[in-house]
Amino acid sequence: LPEETDDRIIALLQENAELTYRELGARLQLNESTVRKRILALRKRGVIRRFIVDVDAVKLGYKSNVMLGVAADPSKLMEVGSKLAAIPEARFVFSTSGENDFQVIVWARSRETIARIVDQVSSIQGVVRVMPNFVLERLK
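The working numbering applies: residue 15 is where the sequence shown begins, and numbers increase by one.
In structure tokens form, the structure reads like this:
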């Protein structure tokens with residue numbers, strides 16, 4: 015089934031996006047051209063948007079990494095989201111359901127920088143609450 019093949023291709027690419035079509039084909043017991051066609055179709059449909067680099071932030075000197083849970087006034091969600099996404103140290107910004115409206119992953123080289131960013135986020139018009147949670151260890 016094409017869906018199962020796509021799922022298997024995606025799983026391997028998530029582990030190692032540097033695999034060649036030939037290597038993927040060998041691991042999946044598929045023809046190289048089949049793998050290439052499936053990946054091109056996945057990209058055309060927007061399933062695979064891009065191939066990215068997985069960075070070890072600590073090895074780059076970002077020793078203080080935090081997840082900010084941000085609650086916002088419902089009437090200001092779009093504005094708050096845009097301002098959060100514009101913060102250079104915010105590596106990822108997710109709109110979420112539940113207790114917080116956003117989760118913001120921040121990389122910083124010092125706790126002082128984290129404190130400045132928490133103050134910056136708190137001062138955004140429409141932000142109701144900021145809940146910082148320091149990342150202790152990345153498990154996956």
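Cβ coordinates follow ideal geometry from the N, Cα and C atoms, glycine included.
This one's a predicted model, so the numbers in the text were calculated from it and none came from an experiment.
Residue span of the alpha helix (DSSP H) that contains residue i, given as start and end
{"i": "Ala-40", "result": "35 to 42"}
Helix, strand or coil at residue i [DSSP, three-state]
{"i": "Pro-105", "result": "Inspection of the sequence shows that residue 105 is occupied by Arg rather than by Pro. If DSSP states are grouped into helix, strand and coil, Arg-105 belongs with the strands."}
{"i": "Gln-134", "result": "helix"}
{"i": "Ile-24", "result": "helix"}
{"i": "Val-69", "result": "coil"}
{"i": "Ile-62", "result": "coil"}
{"i": "Ala-31", "result": "coil"}
{"i": "Ala-100", "result": "coil"}
Residue span of the beta strand (DSSP E) that contains residue i, given as start and end
{"i": "Leu-82", "result": "78 to 86"}
{"i": "Arg-143", "result": "141 to 148"}
Chain-order list of residues whose beta-carbon lies under 7 Å from that of residue i (same chain, five-residue window excluded)
{"i": "Ala-31", "result": "Phe-65"}
{"i": "Lys-77", "result": "Arg-123"}
For the structure I just gave you, are there three or more beta carbon pairs, one from the stretch 56 to 64 and one from the stretch 94 to 114, closer than 8 Å? Judged by Cβ distances under 8 Å, the stretch 56 to 64 makes no contact with the stretch 94 to 114, as fewer than three pairs qualify.
Tell me whether the stretch 46 to 56 and the stretch 81 to 99 touch, counting them as touching only if at least three CB pairs, one residue from each stretch, are closer than 8 Å. No, the stretch 46 to 56 does not touch the stretch 81 to 99.
Under 8 Å: do the stretch 76 to 90 and the stretch 112 to 120 share three or more Cβ pairs, one atom per stretch? In the pairwise beta carbon analysis, the stretch 76 to 90 is classified as touching the stretch 112 to 120: at least three pairs are separated by under 8 Å.
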